[in-house]
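Novice:
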Amino acid sequence: MGQRFTNWAGNKMPTRDEMAKNRFLAPIAHRFLSPELWRFTRRSVPRGVALGLFAAFIVPLGQIFLAAFLALPARANVPLAALVTFVTNPFTVPFWLWAANRTGAFVLKFDAATGGNAQAQMSGASWEALVGWFEVAGVTVFGFIVMAVVSSAVGYLGSSVVWRFLVSRRRARRLRRLQRRLDERLAAQSAASASQAGVEGNGA
Numbered sequence: 022m023g024q025r026f027t028n029w030a031g032n033k034m035p036t037r038d039e040m041a042k043n044r045f046l047a048p049i050a051h052r053f054l055s056p057e058l059w060r061f062t063r064r065s066v067p068r069g070v071a072l073g074l075f076a077a078f079i080v081p082l083g084q085i086f087l088a089a090f091l092a093l094p095a096r097a098n099v100p101l102a103a104l105v106t107f108v109t110n111p112f113t114v115p116f117w118l119w120a121a122n123r124t125g126a127f128v129l130k131f132d133a134a135t136g137g138n139a140q141a142q143m144s145g146a147s148w149e150a151l152v153g154w155f156e157v158a159g160v161t162v163f164g165f166i167v168m169a170v171v172s173s174a175v176g177y178l179g180s181s182v183v184w185r186f187l188v189s190r191r192r193a194r195r196l197r198r199l200q201r202r203l204d205e206r207l208a209a210q211s212a213a214s215a216s217q218a219g220v221e222g223n224g225a
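All residue numbers for the sequence shown refer to my numbering, where the first residue is 22 and numbers rise by one.
(1) Just to confirm my understanding: we take G179, look at its own chain, exclude 5 residues before and 5 after, and list those with CB closer than 8 Å. What are they?
(2) Taking the Cβ atom as the reference point for each residue, do L91 and A76 lie within a distance shorter than 9 Å?
(3) Should S181 and L74 be called a contact, given that it needs their Cβ atoms to be closer than 9 Å?
(4) Could you tell me whether any Cβ in chain D is nearer than 9 Å to the Cβ of A121?
(5) Alpha carbon to alpha carbon, what distance is there between P111 and T124?
(6) Quick check on DSSP: helix, strand or coil for N122?
(7) Check each candidate in A120, P81, W119 and name the one with the smallest Cα separation from V105.
(8) Using a 10 Å radius around the Cβ and a threshold of 16 neighbouring Cβ atoms, would you call W119 buried or exposed?
(9) Just verifying my parser: in three-state terms, what is the DSSP assignment at A208?
(10) My guess is that A129 and N98 are in contact by the Cβ rule of under 8 Å, so how many angstroms apart are they, rounded?
(11) Using only alpha-carbon positions, find the residue among L72, R60, R52 that is nearest to Y177.
(12) Just the Cα atoms here: how many angstroms apart are V170 and S189?
(13) How would you label F127, buried or exposed, when you count the other beta carbons within 10 angstroms and need 16 or more for buried?
(14) If you check the beta carbons only, do V160 and N122 fall under 9 Å apart?
(15) Pick out whichever of S55, T109, L199, R198 has its Cα sitting closest to the Cα of G83.
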């Protein structure tokens, strides 16, 4: 599963040449080609994840370009920011529309009394049209904004924890390899010393 995800991410992650040749990014392509924006570091990775999630939910269409633009001033990892935006795609948009609508409705929590007063001042048809549009569009847009902010914060913290865990595990593996090599050398030296001592004893 992990290898499959790694292969998928590698195929989806844009390369420097692809972003440089993109007509929308061509005017500032030289800035995207900066090696600093393509390195995976403890600062650039969480920033890339956070900006990618923010762009994915704040602009469901063209989010890759927004993530790339936001990554420039933030010094975030550009390819990772672009990759994370795939959380919103043609297959997941219906679900996210529903989730954004439910999130917006939950956060706003309309006051029934206020709604009743407003309804009394408007005709039934116009009120129904306004409420219908606001609930479908306004609440959903607000929900996307909430999801963009919350997901970017959670993504930043989560990726920071994962990055530290991966770095710690890599260091532990490196230390184990060094310790194993050291033990092998010490064992070889001990064996050589014992052999030398045996030869000297036989010679005496």
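Glycine included, each C-beta is placed from N, C-alpha and C at the ideal position.
Specialist: In terms of the structure at hand:
(1) V70
(2) yes
(3) no
(4) Given the protein chain composition of this structure (a single chain), no chain D is represented.
(5) Put simply, the backbone Cα of T124 is about 20 Å away from that of P111.
(6) helix
(7) P81
(8) By the Cβ-count criterion, W119 is exposed, with fewer than 16 other Cβ atoms from all chains shown falling within 10 Å of its own Cβ.
(9) helix
(10) It is Leu, not Ala, that sits at residue 129 in the sequence shown. Going by Cβ atoms, the distance from L129 to N98 rounds to 34 Å, so no, they are not a contact pair.
(11) L72
(12) For V170 and S189, the distance between alpha carbons rounds to 29 Å.
(13) exposed
(14) yes
(15) T109
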